[in-house]
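Under the numbering used here, the first residue of the first sequence carries the number 24, and numbering increases by one thereafter.
Single-structure report; data block below.
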Amino acid sequence: MRISKSFIPTLKEVPADAVIPSHILMLRSGMIRMLSAGIYSFLPLGYKVIKKISEIINEEMTAIGGQEFHLPALNPREIWDETGRIEDFGDTMFHLKNRDYVLAPTHEEVMTFHAKGAMKSYKDMPQIWYQIQTKFRNEARPRSGIIRGRQFLMKDAYSFDSSWEGLDESYTKHYQAYQNIFDRCGIKYFVVGASSGAMGGSKSEEFMVKSDAGEDTVAYCNSCGYAANVEVAQSVVEPNERSSESKEVYEISTPNIHSIDELCEFLKIDERETAKSRVYIFDEKPILVLMSGNDEVNGTKLESILGGEVRPAHPEELVEITGAEAGSIGPIGFKERILADNRLKDGNNLYSGANKTDYHIGGIDLKRDVEKIEYFDLRTIESGEECARCGEPLDVFKAIELGHIFKLGTKYSEAMGATFLNENGKANPIIMGSYGIGVDRVLACFIEQNYDEKGILWKGPLKPFDIQLLGLNMKKEIVINESNEVYELLKSEGYDVLFDDRRDAQAGFKFNDAELIGIPLQVIIGEKNVKEGLIEIKNRITGERLIIGKHLLLDQLKEIG
RNA sequence: CGGGGCGUAGCGUAGUCCGGUUAGCGCGCCUGCUUUGGGAGCAGGAGGUCGCAGGUUCGAAUCCUGCCGCCCCGACCA
């Protein structure tokens with residue numbers, strides 16, 4: 024493709040609104056442009072890569088028996104009412120104003136709708152159906168360029184099985200297909216156990232990419248490979264030691280002390296001698312959650328223990344419930360349910376709030392003084408804690424979710440009445456799985472993992488072109504002729520070539536553009552070399568230059584690769 | 001949704017606190033000449049509802065009010 028006839032609007036300067044590398048580079052290299060917050064257009068160069076990713080996904084899905092669909096983004100509200108997910112999604116779902124339609128954020132409902140009545144017999148299954156299409160979510164805060172948008176390209180697959188063993192098989196197939204897909208794309212990733220959240224179902228795993236731009240936090244053990252979203256991650260934390268003697272409970276005046284750090288500073292004590300209180304509302308009733316020191320409550324763990332959603336109590340509610348403001352709340356005298364983290368188990372001589380603003384209580388013995396107390400693993404784990412599997416220190420870092428596979432079970436088939444007849448002629452709900460990949464995130468993640476100060480470093484099958492051909496002075500007849508000739512030659516050999524044939528651009532300008540776009544191989548036609556029958560090949564990644572006789576060009580390119 | 005920042009030409013920005021020429025600069029764009037292996041030089045030129053609306057004032061990019069948009073942190077996130 025000739026650049027002079029293409030639309031590849033590169034930018035020399037960094038757009039003010041872009042912050043993370045992939046966003047900056049996609050804008051600068053002319054792959055995307057923003058239309059509105061979280062809504063991006065793919066320009067030809069960007070879309071070309073998207074299609075390459077899609078093609079890899081298609082091949083791997085076909086390999087496990089997947090069949091591609093094209094589904095409506097516009098959905099009647101009823102099918103979402105059937106599964107109750109209008110409420111689950113809440114404000115995250117887009118609703119149309121002038122007709123009772125929603126914009127689909129995912130496609131369990133539509134796929135189940137089609138499976139219903141079509142999968143009549145156990146003989147009709149297994150099936151794997153998938154699509155690669157735009158999804159819509161009314162994200163409260165889009166961010167990080169393409170990584171979190173209000174509309175995004177997602178591949179989602181659904182498996183339909185007549186038995187739980189069949190689901191296991193479909194799940195395993197997808198797991199393997201996903202590994203193939205990400206490996207082929209050249210993405211460095213890892214797999215974590217995850218919470219299935221509002222999707223429902225039992226087992227789920229996420230394919231993650233380590234990145235500061237990520238929105239998930241994961242724990243990873245470099246030693247044994249244990250990996251889990253911090254929502255569910257566990258570590259070994261021994262309960263605090265119990266002193267041999269319990270002091271009496273006593274009240275302390277602690278004016279303007281609101282945090283554990285302030286309390287420790289004020290009383291000259293260690294944070295492990297304190298019990299932090301958090302009040303949550305579950306099922307319209309308050310629950311006190313006690314944590315050791317500054318340990319953070321893990322909301323996901325709390326919700327799975329309680330079996331439902333919780334929310335933190337508002338400041339006004341705190342006063343109403345406990346009689347004290349935040350910072351002075353504690354277990355002594357708290358009349359509702361009390362949960363405590365395992366680390367506090369049977370602790371004594373603890374300091375906590377007095378349920379009286381600006382007062383704390385010391386000498387608390389949880390065993391003696393707090394009758395109804397239930398202990399659970401409620402902590403959010405931290406970097407450096409011991410791996411629950413092998414005991415080595417865990418690494419905790421941010422990551423981007425690229426893929427997510429779920430064993431859905433019968434949540435959707437039951438809700439929508441999608442049943443089949445089994446061997447005994449009995450109607451059973453179809454057993455489903457759901458498997459997603461953020462296609463445009465694959466692009467962003469690849470760039471996050473492959474760039475330098477000059478631009479993108481493409482390699483492998485995602486590269487938008489094989490070779491960038493630079494004609495350095497396209498006003499000189501000799502360079503024009505030579506580069507046109509080389510262009511035709513490379514094309515005829517099957518290379519996909521981006522030909523910088525711009526007449527007015529300076530050499531340095533072309534070099535910088537080529538490095539920004541980042542095609543792995545550059546073939547450079549300069550006047551001096553042409554006159555000596557020479558041609559230059561440059562490796563974008565290593566910067567290595569080779570000047571060779573023109574007749575050796577094809578051999579040399581084959582050798583490189 | 002809470003907190004913070006920003007909005008001036010296609011891009012990046014100065015000016016805004018403290019109101020007062022014709023809103024300035026760099027890049028890009030157009031014309032011509034020169035240059036041609038690391039983001040060219042000279043000359044000439046085009047391009048602005050200063051986010052929108054209202055208000056204060058003799059006078060508003062600048063002050064006030066409301067709204068909209070974008071970015072960052074947080075909350076939320078199948």
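Backbone N, C-alpha and C define an ideal beta-carbon position, used for all residues, glycine too.
If you're wondering where the values come from, they're calculated on a predicted model, not measured in any experiment.
Where the beta strand (DSSP E) containing residue i begins and where it ends
i    : result
W103 : Unbroken run through W103 is the alpha helix (DSSP H), R100 to E105; no beta strand (DSSP E).
N365 : Where N365 is concerned, there is no enclosing beta strand (DSSP E), given that its DSSP letter is neither H nor E.
Q491 : I490 to G494
E332 : Segment: none, E332 is in no beta strand (DSSP E) and carries neither H nor E.
K390 : Here K390 belongs to no beta strand (DSSP E); instead the alpha helix (DSSP H) covers L389 to D392.
L480 : From DSSP, L480 is part of no beta strand (DSSP E); its letter is neither H nor E.
S227 : S227 to K233
P309 : K308 to S315
Contact check, residue i vs residue j, beta carbons under 8 Å
i    : j    : result
I396 : L417 : no
N161 : M116 : yes
K178 : G459 : yes
L68  : Q156 : no
I170 : G89  : no
R265 : D369 : yes
E303 : A336 : In the sequence as presented, Glu is not what sits at residue 303; that position holds Tyr. Closer than 8 Å, so yes.
I195 : L539 : Rather than Ile, the amino acid found at residue 195 in this sequence is Thr. Contact: no.
V259 : R366 : no
S45  : G168 : yes
C208 : R412 : no
T277 : Y124 : no
L313 : I73  : no
Q545 : L493 : yes
Y201 : T297 : no
I47  : A236 : no
T240 : K421 : yes
E555 : K499 : no
Where the alpha helix (DSSP H) through residue i begins and ends
i    : result
I109 : R108 to F112
R301 : Element bounds for R301: not the alpha helix (DSSP H) but the beta strand (DSSP E), A298 to F305.
N504 : E500 to S515
K581 : L576 to I583
E83  : P67 to A86
Rounded straight-line distance, which links the Cα of residue j to that of residue i
i    : j    : result
Y70  : M54  : 7 Å
L495 : M134 : 54 Å
E446 : K146 : 9 Å
P484 : A86  : 18 Å
M222 : V520 : Note that M222 scores a pLDDT of 49, beneath 50, so its modelled location is shaky; the value from the coordinates is reported in the next line. The straight-line gap from Cα to Cα measures roughly 44 Å.
E268 : E415 : 34 Å
P476 : E36  : Going by the sequence as given, residue 476 is Glu instead of Pro. Rounded to whole angstroms, E476 to E36 spans 13 Å at the Cα level.
S105 : I62  : Reading off the sequence shown, one finds Glu at residue 105, where the question assumed Ser. Going by the C-alpha atoms only, they are around 29 Å apart.
F429 : A127 : 19 Å
E188 : T442 : 17 Å
E319 : F175 : 33 Å
A141 : M148 : 10 Å
V215 : I384 : 41 Å
E339 : E437 : 41 Å
E228 : R51  : 34 Å
L569 : N507 : 20 Å
D306 : R108 : 20 Å
I479 : I31  : 15 Å
G432 : D111 : 18 Å
T380 : Y398 : 26 Å
I470 : E582 : 26 Å
I26  : D536 : 11 Å
S182 : D114 : 28 Å
D191 : Q199 : 12 Å
Cβ separation of residue i and residue j, assumed to be a contact under 8 Å, to the nearest whole Å
i    : j    : result
S234 : C468 : 7 Å
L13  : I490 : Missing from the structure shown is residue 13; the chain here goes from 24 to 584 and no further.
G386 : N372 : 6 Å
T323 : E424 : Between E424 and T323 the Cβ distance is about 15 Å, and since that is not below 8 Å, they are no contact.
S77  : V462 : 6 Å
L389 : L362 : Their Cβ separation, rounded to whole angstroms, is 12 Å, which puts L389 and L362 out of contact at 8 Å.
R295 : S282 : Actually they are not in contact, since the Cβ atoms of R295 and S282 sit about 15 Å apart, beyond 8 Å.
I352 : S300 : 4 Å
A250 : F213 : 5 Å
I453 : A138 : 6 Å
P354 : L290 : Incorrect: roughly 18 Å between the Cβ atoms, too far for contact.
L325 : V333 : 6 Å
I548 : E511 : Between E511 and I548 the Cβ distance is about 13 Å, and since that is not below 8 Å, they are no contact.
- Task: Run through the region 431 to 476 for me and flag every whole beta strand (DSSP E) of 3 or more residues, listed as ranges in chain order.
- Result: 442 to 444, 450 to 452 and 454 to 461
- Query: What residue ranges within the region 370 to 432 form continuous beta strand (DSSP E) runs of no fewer than 3 residues, ordered along the chain?
  - Reply: 373 to 376, 382 to 387, 397 to 399 and 418 to 432
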